[in-house]
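Counting from 1 along the sequence shown, just add 4 to a position and that's the residue number in this note's numbering. We put the CB at the ideal spot given by N, CA and C, even for glycine. First the structure, in the form of structure tokens, and then the observations on it.
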Amino acid sequence: MGFRHVFICVNQRPPGHPQGSCAEKGSRDVYQVFMEKLQQDPELFMTTLVTPTGCLGPCMLGPTIVVYPDGVWYGNVKTEDVDEIINSHLKEGKPVERLVVSQGKPPGMM
Ligand code: FES
């Protein structure tokens with residue numbers, strides 16, 4: 005299990021803002037679940053950093069998460085997806101394909 009850094013957008017925009025925001029779609033709960041799982045798992049805790057961030061760019065696809073060094077971008081992540089991301093990606097190195105919106109670069113960038 006290699007070292008990984010997980011960034012979770014927790015940006016909040018006012019209700020009705022045309023871009024929406026990840027916090028509006030539940031990303032702060034996703035962050036909380038990640039942190040709880042991390043604290044319950046010593047091996048994961050030693051190999052993974054989870055950091056809440058401002059807007060990562062692809063708001064329409066949010067809640068947005070990016071995992072480095074893999075450069076895997078996830079979209080529409082819900083609390084119930086966290087276990088799968090941890091077990092498949094962070095522990096076994098296999099990204100959860102159904103949630104991947106881009107790899108190696110932010111979604112929509114050349
Ligand atoms: S608000 Fe989360 S990616 Fe922009």
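Asked, Found
"For a quick check, are the C-beta atoms of C13 and P67 less than 8 Å apart?", "yes"
"Can you grab the Cα-Cα spacing for the pair P22 / V37, in whole Å?", "27 Å"
"With DSSP run on the structure shown, which of helix, strand or coil describes C63?", "helix"
"If distances are taken between C-alpha atoms only, which option among P62, D85, N80 and H93 comes closest to P73?", "H93"
"Less than 7 Å between the CB of P110 and some heavy atom of the ligand FES, yes or no?", "no"
"Do N80 and the ligand FES come close, with the Cβ less than 7 Å from some heavy atom?", "no"
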